[in-house]
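Peer 1: Protein chains in written order, with the UniProt record's numbering: chain A, 1 to 203; chain B, 1 to 203. Note that CB positions come from ideal geometry on N, CA and C, so glycine has one too.
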């Protein structure tokens, strides 16, 4: 976990991982179900059982709260660092797949829809997406530093192939084939990573 | 153009490509700007200069009208058939890129947002997406029939790589880099198709 001063709760409060965990779960739950307009401190206090004043001491706005929760729960790409490009990409593919099919699957659409309506939400979602893209590219930068990939490799394109293929797979699978998609996911993701690495002549 | 009886204007009217063209442009324009609730026969008549009664004689609902316009203008994948897998995929990648960055770029988001609010729009967008996916897979089926690809190839995965990578590339490029993205698109799309075909061991 890659924690900079920017990510720490505000106003010098010491971290309390258990409390933060409950708050982040509540934020994700509320946001995924009700969107931006449902995400009030009131609702988060009710859902998490954490007092409003405790929340305010740590996060000063809906934005800070959603950003912190997404960083911890949504696509924590910064947690991926296995030491090999193959297994880093396999973990990333799995994370995207789980993200798109799991408990918070409709959050992507929510973010997109809300970003069109609420400029203050764009102040959270745009930097979050940019950070996540940079974290994903860091996977390839580390592989390059280990000498695993050709110097000429287009890092962005490699990432587009892995992330984009998983997204497209989930988005274009019709409802009647979702169960089969879930069942076949491990071999699908294995094959995907293998094809991409062969395509960019790694290994 | 792959025209089945289902796509023909209703009630036995002979086709009038010039009139249809104007109507489809108007439908796309209105929908991309105002969404489903803006897409009335009134508005289409005004924008296209085609009388409402002419419209009603050909299309019996907003749904039929939007479906016909999307089929002609949105992602006409059924028009791609160059005779080689490499150039079919290069054309497809270009079509997705243009679709995502061009005049109607915000239509994808519109469709997603409207589909959540208007069940009657889902009756257009879901079958349209399924048809488009099948048309895209037909590209690979034809390549298989020509003996261009290994029999074991996962058609869906190949398509996910090409389409998904282009989508991800456009979606994750921040506004300040859009011009550079446009400038580099030809070489990006060339490299993308080359990597995917090498990955699946074609050629």
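If you draw a straight line from the C-alpha of residue 107 (chain B) to the C-alpha of residue 16 (chain A), how long is it?
Peer 2: What you label residue 107 (chain B) is simply residue 107 of the second chain in a count that begins at 1. What you label residue 16 (chain A) is simply residue 16 of the first chain in a count that begins at 1. If you take the alpha carbons of residue 107 (chain B) and residue 16 (chain A), they lie about 44 angstroms apart.
Peer 1: Quick one: is residue 62 (chain B) buried, meaning 16 or more other Cβ sit within 10 Å of its Cβ, or exposed?
Peer 2: Counting from one through the second chain, the residue named residue 62 (chain B) turns up at place 62. With 16 or more Cβ atoms within 10 Å of its Cβ, residue 62 (chain B) is classed as buried.
Peer 1: So which residues on chain B does residue 169 (chain A) lean against when the C-beta distance must stay under 8 angstroms?
Peer 2: Position 169 of the first chain holds residue 169 (chain A). Neighbours of residue 169 (chain A) on chain B, chain order: 156, 157, 160 and 164.
Peer 1: How long is the line joining the alpha carbons of residue 75 (chain A) and residue 174 (chain B), rounded to whole angstroms?
Peer 2: The residue given as residue 75 (chain A) occupies position 75 in the first chain. The residue given as residue 174 (chain B) occupies position 174 in the second chain. In a straight line, the C-alpha of residue 75 (chain A) is about 18 angstroms away from that of residue 174 (chain B).
Peer 1: Quick one: grab the DSSP three-state call for residue 103 (chain A).
Peer 2: Position 103 of the first chain, counting from 1, holds the residue named residue 103 (chain A). Coil.
Peer 1: Beta carbon of residue 126 (chain A), beta carbon of residue 111 (chain A): below 7 angstroms?
Peer 2: Position 126 of the first chain, counted from the start, is the residue given in the question as residue 126 (chain A). Position 111 of the first chain, counted from the start, is the residue given in the question as residue 111 (chain A). Cβ distance not < 7 angstroms, so residue 126 (chain A) and residue 111 (chain A) don't count as in contact.
Peer 1: Straight-line CA distance for residue 41 (chain B) to residue 34 (chain B)?
Peer 2: The residue given as residue 41 (chain B) occupies position 41 in the second chain. The residue given as residue 34 (chain B) occupies position 34 in the second chain. Cα to Cα, residue 41 (chain B) sits roughly 14 angstroms from residue 34 (chain B).
Peer 1: Give the range of the alpha helix (DSSP H) segment to which residue 194 (chain A) is assigned.
Peer 2: Reading the first chain from its first residue, position 194 is the one you call residue 194 (chain A). Counting along the chain, the alpha helix (DSSP H) containing residue 194 (chain A) begins and ends at 178-199.
Peer 1: In chain order, what residues of the same chain lie with their CB nearer than 7 angstroms to the CB of residue 50 (chain B), ignoring the 5 residues before and after it?
Peer 2: The residue you call residue 50 (chain B) lines up with position 50 of the second chain. 19, 22 and 23.
Peer 1: By Cβ distance, which residues of its chain are closer than 8 angstroms to residue 128 (chain A), with the 5 residues on each side in sequence left out?
Peer 2: On the first chain, residue 128 (chain A) is found 128 positions in, with the first residue counted as 1. Around residue 128 (chain A): 67, 70, 71 and 74.
Peer 1: Would you mind working out which of A:32, A:87, A:85 and A:123 sits nearest residue 64 (chain A), comparing C-alpha positions?
Peer 2: Looking up residue 64 (chain A) in the first chain gives position 64. With distances taken between Cα atoms, residue 64 (chain A) lies closest to A:123.
Peer 1: Considering only their Cβ atoms, is the gap separating residue 164 (chain A) from residue 109 (chain B) smaller than 7 angstroms?
Peer 2: On the second chain, position 109 is the one that residue 109 (chain B) refers to. On the first chain, position 164 is the one that residue 164 (chain A) refers to. Not closer than 7 angstroms, so no.
Peer 1: Using Cβ-Cβ distances below 8 angstroms, what residues of the stretch 175-192 of chain B are close to chain A?
Peer 2: Answer in chain order: 188, 191 and 192.
Peer 1: If we ignore side chains and look at the alpha-carbon of each, how far apart do residue 29 (chain A) and residue 104 (chain A) end up?
Peer 2: As a position in the first chain, residue 29 (chain A) is number 29, starting the count at 1. As a position in the first chain, residue 104 (chain A) is number 104, starting the count at 1. When rounded, the distance between both Cα atoms is 8 angstroms.
Peer 1: Tell me whether residue 153 (chain A) sits in a helix, a strand or coil according to DSSP, three-state version.
Peer 2: The count along the first chain starts at 1 and reaches residue 153 (chain A) at position 153. DSSP places residue 153 (chain A) in coil when its eight states are reduced to three.
Peer 1: Straight-line CA distance for residue 47 (chain B) to residue 179 (chain B)?
Peer 2: Indexing the second chain from 1 puts residue 47 (chain B) at position 47. Indexing the second chain from 1 puts residue 179 (chain B) at position 179. Roughly 31 angstroms between the two C-alpha positions.
Peer 1: DSSP on residue 61 (chain B), reduced to helix/strand/coil?
Peer 2: The residue labelled residue 61 (chain B) in the question sits at position 61 within the second chain. Coil.
Peer 1: Quick one: which chain A residues come within Cβ less than 8 angstroms of residue 129 (chain B)?
Peer 2: Here residue 129 (chain B) is taken as the residue at index 129 of the second chain, counted from 1. What residue 129 (chain B) touches in chain A: 172.
Peer 1: Quick one: which residues of the stretch 70-100 of chain A get their C-beta closer than 9 angstroms to a C-beta of chain B? List them in chain order.
Peer 2: The stretch 70-100 of chain A vs chain B, Cβ under 9 angstroms: nothing.
Peer 1: Hey, out of B:114, B:188, B:116 and B:77, whose CA is closest to residue 99 (chain B)'s CA?
Peer 2: Within the second chain, numbered from 1, the residue matching residue 99 (chain B) stands at position 99. Comparing Cα positions, the closest option is B:77.
Peer 1: Taking Cβ to Cβ, would you say residue 52 (chain B) is nearer than 7 angstroms to residue 43 (chain B)?
Peer 2: Against the second chain, residue 52 (chain B) aligns to sequence position 52. Against the second chain, residue 43 (chain B) aligns to sequence position 43. No; because the gap between Cβ atoms is not below 7 angstroms, this pair is not in contact.
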